[in-house]
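S.K.: Those letters in the sequence shown? Residues 244 to 1366, by our numbering. Just so it is clear, CB atoms sit at the ideal spot from N, CA and C, and this is done for glycine as well. Dropping a structure here in structure tokens format, bear with me for questions.
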Amino acid sequence: MLKIGIWILLFALLSMSVFGQTVLNQEGLEYAPGELIVKLKKDVSNKITGNAISTGIRSFDELNVKYDIKNIESVYELEPLNFGKRLAKVVGIKPEDHFLRKVYKLKFSESIDVQKLVDEYSKLSKVEYAEPNYINSLSFVPNDLKYSEQWAHQNTEIEKAWDITTGSSNIIIAVIDSGVNYNHEDLEDNIWVNSGEDLNNNGAVDDSDFNDVDDDGNGYIDDIRGWDFVDIDKDKYVNELFYSLLNNEDYEDTDNDPLDFHGHGTHVAGIAGAVSNNNLGVAGVCWNCKIMGIRSAFGIEKDGVMTGGLEDDDAVNSIKYAVDNGATIISMSFGGEDSNLKRDIIDYANNKNVILVAAAGNSNTNNINNSYPAAYDDVIAVTATDSNDKRAWFSNYGYWTDIAAPGVNILSTVPDSYEPSDGTSMATPYISGVIGLVLSNYPNIDQEGLRWILKNSADSVESKEHIGSGRINVHKALSLEPISGIWANILSPIDGEIFDDPNVKNIEIKGTVEGENYILYYGPGVYPEEWHEINRGDNIGDGVLGTWNIEGLPDGIYTIKLVVSNPGGEVMDSKRIEIDLIEAGWPFKVPTDDGAFLIRDAPAIADIDDDGELEIIVIASADWFISDSHPFKESFVYALGPDGKIKWEKHYPTFLVGTPTIADPDDDGELEILLISKDAELFSLDKGGDEEWRFDGGYFSSTENTPVAIDIEGDGINEIIFPVYQFKEEYYSGMLYILNVVNSRPIEKHKREITAGINAVFPSFVSVYDIDNDGTKEIITTLNDNNVHGFGINNNALTKEWMVTNSDSKTNRKFYDKGVSIGNVDNSDPIDIIVGYSTGNFKSRIDGLASGKMLENINLIGDDPKIIWEVDLMDFDSEANNFADSISIPTLVNLDDDPEKEIVLGSQAKYEYSKEKGVQIIDKIYAFDGSGSDLLWSNDLDEVKTFENVAADINRDGKTEIIVGAWSNLYVLDNKGSIKWKFPLDSIMQSISIADLNQDGHLEILAYQNRELYVLDKDGNQFVFGGIEEGYFNPLPWPMYHHDPQRTGAYEVLKPILLGDFTGPKGFPNGCVEFDDFLMFAQGFSAFIEGKTYEMEFDFDNDRDIDVQDFFIFAENFGKGQC
């Protein structure tokens, strides 16, 4: 058969050894090389038959010649119009399949620009549409759990429904999937048998039924139990699309054997209609419904991961086969992009009154781009819930969805066994089976009546997002009889409408009422637990149902419900709207009812959606030990605008740790958000918060394991550096991953286990820099083996290049409490690695005290690390008898106008006083020069504990401030160490972020306190957003923990900031950023590639590289200044 693109299978990873365990995203769309789908307009009389390359349409044929067409084939195998149908056509009666005709696949050279073909052929007057041959990757939701019972049947009250009916054998459910294991012990008695091919009419498949004749004349020979439509171009998948074929798959030769080689189709079939009450396996939803197995999906491997899909033409021909051969219901657990080809076949099935059911998708999004056919109006879109009637965390959502069903840990049939699985793929056949029961009970019901039953038989669910009318209650569905002469329909407002005008005090609700009387309600939330009456009245037909006063209501989602009743019963309709009247502002408060969700680290900040405004990405997480009401790990990710308003939020059933990292790991020009869970899963979200991919590190993560995305090998391809750890018997072992992202999938490029055989060994955060200026970057981290480690890529392997041992001349012991900061502190080579550590015997370390605090400068001399100098803080505080707790990560910043950087860090001094006064612990902030020999200043803070400090010129006066997060206050110190102001904040936990949110040239400070994120202006006042200022440069981001891969903690920007006074420090001598400057920039970039030094004039972000980030900074400012 012909192949027109792949739809996504929306299913869980079955627990079979043949399948891998990595989750794939639903993006990474491709299209088949050299193939084009074209539909001719209905008035075109030309016929294209066989493998013709000439159509008789002059303009069409000219393009065929121009682009050297190889072949033209019809997508559908349709019966020719006989005399009767031709006559009917003459008098205006169209054949039922008229809109499936004149659809062709054109084949060209595989190297041709397909998008150019689309543009050219779409312009032809005889062409209705032209589109690529789309291919989508599969999406898996991993599941390792084994359950011995079918909890879903308890939730849906299906046992009571089975007392009413267990289904009719007249109901045929077509499962369009990877086929069905028709010999399975729990399926074989419910497999559909094509009566037209059953030669002895015994209702079973016998050898004698196979006679190589199309006995029923449907175009398929011996299709007694369905058809296998899979027939792919294996060479193209391997050589052009870089897939790997599986040994046990059937990729070629369509035939009459729809046997399942993948497992997904068998699992789906068992949910809908496994044989029940037979002392075997599981109970299907519809005991007696027949399963028509149609194979159009196949398994395949990409980048070492098991995946699969359906080619478009196989999928649409499968739907047509199901319709033409008597299917009552078509169950489709797959999805892909919208296309005209898909729309046509959905219209064909709907016009034949076949019920269409499809999976909403597993991407945890309301984006419908990859959710067709479910997103079509004529298809019932199914979402998934868990055993607690909550939205399954992976389930798509939105007002386009219709109904929810159980989709987590669903036990069903797999080839020769039974396994549980997750996905909207599992929820979809559940609804298909329910529809089978409803149609068995009400055989004359139409589609409108069926949808009414589904809508009115749903139980409420726990979800902040709309996932249909609720979770299906099967007993209710079979207890509701269709009612005539009664109707309820809310026409306005519409689903999802937002009311944000503070001058609007009332909402007029319009609709249609047919019945004796009605009541109009509203309730808070998507699925309200309480209702408040708005109005009531009598049968009014179309008109105003009531006026709802919203004055004084808190912002949020509200549901409007219309209930119409008469003596025969009642019907209901509902709409969801959003009230957003309160002005957004700071501080941001975590919008959850449960106080266990806390902000535990600083946000990352960047313009992720390229709208000219910064987004703030913040995490609020809860762990099981924090609240008895939260036995599971959960987190929310929020994207905030500069005004503090939520742009989007995402829920994850895991404990996310650390500061997010914002980067472009796959070099596609689009920023992504990298998140790490405590269970060592690395997530990537796109600019809208939708999950791009995830990678399971298989270990654990600490709160400091924030990733870095940067080109470490100098080959122009970014890598992600991802440190984790695991417990091994009596010690911890670290693991350092290096990942590439290819086609929106994380690929493990390198990894190295880090073991020392003593105590705890796991990485803190990593710092990355080209220490030895050899064109590749080194990875530096401190481990709990109390050493500083340097790693690099050598001979295509991640190797340990050097290590600073943990011996100390005073105590013979060092404890590196934090990571390292890297920079050129003395303005000369080599580059400096600055790290703080504590010293003392191991007993005092366990007690939480150390006998001293040290600062160390490490240089890489050749291939060996050398300690250039050490500073003992005890030498600068003679009254302190030791230092308590950990030292902060150093901040490297220029505090004066000389070319050298200074080193700022914090620690705690412990002072012994008299018995009356006891012991006093004082926070201290120190600033040293680049040589470590001079203490420039120190300041005693009246605090119990100092956590973190960063540096920035927040008021842009040319003098850098030090921002310090302490236990009960946030401090801002000037460059001489004096306190300028402080702001009371309790329990600042870890780090601080800096950004220019309103782009006025002054910087804001972002700090958090439990469940609140505060923004403070340059003077210590709470920030009030008044809009984006004009006339300033776009600000640099704060995209990761401690600002940059070197972990300098310093926010340094181009000066001057004002465009009106742009004289520039680097290039732009006339103050105007113009084409001459671009030529200079290009020359600098070329010089950098050649290893020269000229380019450093254009190193705008001061990372010793001229790269795409510098180009972005240049491009943002092009045409600005004194032009």
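Since Lys1261 and Asn1198 should fall inside the 8 Å C-beta cutoff, what is the C-beta to C-beta distance between them, to a whole number of angstroms?
M.R.: About 4 Å separates the two Cβ atoms, so the contact holds.
S.K.: Taking the alpha-carbon positions, what's the Val1258 to Trp936 distance?
M.R.: Rounded to whole angstroms, Val1258 to Trp936 spans 31 Å at the Cα level.
S.K.: Over the uninterrupted alpha helix (DSSP H) stretch that includes Phe504, give me the two end residues.
M.R.: From DSSP, Phe504 is part of no alpha helix (DSSP H); its letter is neither H nor E.
S.K.: For Leu553, which option in Tyr494, Ala592 and Asp958 has the closest C-alpha, if you only look at C-alpha atoms?
M.R.: Per the Cα distances, Tyr494.
S.K.: Using only CA atoms, which one of Gly1201, Val1207, Asn520 and Asp1217 lies nearest to Leu1179?
M.R.: Checking every option, the nearest Cα to that of Leu1179 belongs to Asp1217.
S.K.: On the DSSP bridge list, what partners appear for Ala648?
M.R.: Paired residues: Ala627.
S.K.: For Leu917 and Phe831, I'd like the C-alpha separation in whole angstroms.
M.R.: About 22 Å.
S.K.: Helix, strand or coil, according to DSSP, for Ser276 in the structure here?
M.R.: Sequence inspection shows Pro at residue 276; the Ser mentioned does not correspond to that position. Looking at Pro276 - three-state DSSP - the assignment turns out to be strand.
S.K.: So, for Tyr347: in the same chain, excluding its five sequence neighbours on each side, which residues have a beta-carbon less than 7 Å away from its beta-carbon?
M.R.: The residues are Val281, Ile291, Ile315, Glu316, Ser317 and Val318.
S.K.: Under the DSSP definition of a beta bridge, which residues are partnered with Trp791?
M.R.: The partner list for Trp791 (beta bridge, DSSP) reads Ile750.
S.K.: Assign Gln1252 to one of three DSSP states: helix, strand, or coil.
M.R.: Strand at Gln1252.
S.K.: Check whether the Cβ of Leu918 sits closer than 8 Å to any heavy atom of the ligand ADP, and report yes or no.
M.R.: Annotation note on the ligand ADP: not contained in the displayed structure, which lists no ligands.
S.K.: To the nearest angstrom, how far is the alpha carbon of Ile1205 from that of Glu991?
M.R.: For Ile1205 and Glu991, the distance between alpha carbons rounds to 39 Å.
S.K.: Within the continuous alpha helix (DSSP H) that includes Ala603, where are the two ends?
M.R.: No alpha helix (DSSP H) holds Ala603; DSSP gives it neither H nor E.
S.K.: DSSP three-state call for Glu1338: helix, strand or coil?
M.R.: Model confidence at Glu1338 stands at a pLDDT of 44, short of 50, so the residue's coordinates are unreliable and nothing is read from them.
S.K.: How many Å lie between His894 and Glu924 at the Cα?
M.R.: Cα to Cα, the separation comes out at about 15 Å.
S.K.: Does DSSP put Ser1010 in a helix, a strand or coil?
M.R.: In this structure, Ser1010 counts as strand in the three-state DSSP scheme.
S.K.: What number of angstroms, rounded off, separates the C-alpha of Asp1172 from the C-alpha of Leu914?
M.R.: Straight-line Cα distance between these residues: approximately 37 Å.
S.K.: Run through the segment 657–714 for me and flag every whole beta strand (DSSP E) of 3 or more residues, listed as ranges in chain order.
M.R.: Runs found: 660–664.
S.K.: Measure from the alpha carbon of Lys194 to the alpha carbon of each residue in Val436, Asp1200 and Gly1208, then state which is nearest.
M.R.: The structure shown does not extend to residue 194, since the chain is modelled only from 244 to 1366, so the question has no answer here.
S.K.: Excluding the five sequence neighbours on either side, which residues of its own chain have a C-beta within less than 7 Å of the C-beta of Val769, listed in chain order?
M.R.: Excluding positions up to five away in sequence, the list reads Ser706, Lys707, Glu708, His709, Ile800, Thr802 and Arg819.
S.K.: Between Asn699 and Met815, which are expected to be in contact by the criterion C-beta below 8 Å, what is the C-beta distance as a whole number of angstroms?
M.R.: That belief holds up - the Cβ atoms of Asn699 and Met815 are roughly 6 Å apart, short of 8 Å.
S.K.: Measuring straight from C-alpha to C-alpha, what distance separates Lys350 and Arg301?
M.R.: Near 18 Å, if we compare the C-alpha coordinates of Arg301 and Lys350.
S.K.: Which complete beta strand (DSSP E) runs does the segment 854–926 hold, if anything under 3 residues is left out?
M.R.: The qualifying runs are 858–865, 877–883, 889–895, 899–906 and 915–920.
S.K.: List the whole-angstrom C-beta distance separating Thr671 from Ser576, where the pair is believed to meet the contact cut-off of C-beta under 8 Å.
M.R.: Yes, Thr671 and Ser576 are in contact; Cβ-Cβ is about 5 Å, under 8 Å.
S.K.: Measure the C-alpha to C-alpha separation of Ser1174 and Leu1246 and round it to an integer number of angstroms.
M.R.: Looking at the two C-alpha atoms, the distance is approximately 30 Å.
S.K.: How far does the alpha helix (DSSP H) with Val1063 in it extend, from its first residue to its last?
M.R.: No alpha helix (DSSP H) contains Val1063, which DSSP labels as neither H nor E.
S.K.: Would you kindly check if the distance between the Cβ of Asn782 and the Cβ of Val756 is under 9 Å?
M.R.: Yes; because the gap between Cβ atoms is below 9 Å, this pair is in contact.
S.K.: Do the segment 661–668 and the segment 598–611 touch if we need at least three Cβ pairs shorter than 8 Å?
M.R.: Yes, they touch.
S.K.: Suppose you measure from the CA of Ile688 to the CA of Lys748; what does that come to, to the nearest Å?
M.R.: Distance between the alpha carbons of Ile688 and Lys748: 43 Å.
S.K.: Can you give me the C-alpha to C-alpha distance between His1369 and Ile653, rounded to a whole angstrom?
M.R.: Given that the chain is displayed from residue 244 to residue 1366, the structure contains no residue 1369 and the question cannot be resolved.
S.K.: Name the one or two DSSP bridge partners that Ser735 has.
M.R.: In the DSSP output, where bridge partners are listed per residue, Ser735 has Lys753.
S.K.: For the candidate residues Ile1065, Glu996, Glu962 and Asp852, whose alpha-carbon lies nearest to that of Ser1010?
M.R.: Here the closest residue by C-alpha is Ile1065.
S.K.: For Asn568, count neighbouring C-beta atoms within 10 Å of its own C-beta (all shown protein chains included) and say buried if the count is 16 or more, exposed if not.
M.R.: Burial call: buried.
S.K.: So for Pro780, helix, strand or coil by DSSP?
M.R.: Rather than Pro, the amino acid found at residue 780 in this sequence is Gly. In this structure, Gly780 counts as strand in the three-state DSSP scheme.
S.K.: Do Val600 and Val559 count as a contact pair if the criterion is CB distance below 9 Å?
M.R.: Not in contact: Val559 and Val600 (Cβ atoms no closer than 9 Å).
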